[in-house]
Amino acid sequence: LEEESRCHELMRKEIRKEHEATVSRLADVESEADAVVQSCTNSFKENARLNETIKSIDVRCAKVATIVSRAEAKSSSMNAALAKNANKAEIAASSCSHIVIANDAIDLVRSEMQRAICTLTQLTAAVPSKELIDDIRERAKRLEQREAALAARKVILREMGAGIDEKLSFIIKERESLGTLKETSASLSAQMASCVNEEHVESETIEVLEKRFAKINELKASLSKKKALDSEVALLEARLKERQEEAEHKQGELVRRLEAINLSRAKLQDAKENWIKFEGDTRRFV
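If you count the sequence shown from 1, position 251 lands on 251 in the UniProt record's numbering, and the numbers rise without skipping.
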């Protein structure tokens, strides 16, 4: 029983160690799964943010393209108006032979120039400057470069998504193995509980057996005492038998002596009777 209790104790220790290792492994797998899920969530959020940024950049590029096209159209119309006014001034200067006509032409040209200058100022106020256009074009180039970088980033993110899918499949497998480990842990817990119950039953059995052993020892002690008493009784019986034999022998001797005494008494009585008879005969004879 002590060896079985030691074996059960070793089995319980091994089961506890295996249970602790399983729990630590489960914690590591859960932490790794949480980290992978967090990285996947962060990647998805980053991808969504980049997609939103790309959409906003595309909208801004479209707006910039429309502004540039409008500015180019306005600048081309302004150049055409200036060329037209210059042609009118040349025609007026060549055709006028008189000073009044020349002055009228000059006034007309001046008025046209004033109107053209007003139009030009309005156009320049409405149209961005060349530096602004160059800046916008530079920004557009940067946006194109950034779009290319974002496309490359999309490719990287797709590759990362493929890796994440692999990791997710690995996580699914790990979760399945985790489920099997949980089932194993549950079975080990059940085995441990059964071992504990068996240990409890065995401890109760051991207590009962110890009580029985104590009773057996008491019975052995009482049996040894009984054997000693039996030996003493046998010795006393032998002595009693000897005493009985001696008593029987003495009783036989007493019987014989009583018989002899009775015989002697009978003889004495006969002798007395004979003596009395003799005395009577003697008296009668005298």
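The beta-carbon is built from N, C-alpha and C at its ideal position, and this holds for glycine as well.
Taking C-beta separations shorter than 7 Å and ignoring five residues to either side along the sequence, lysine 63 has no partners in its chain.
Our two residues, glutamate 218 and glutamate 246, have alpha carbons roughly 40 Å apart in a direct line. Distance between lysine 17 and serine 5, taken at the CA atoms: about 18 Å.
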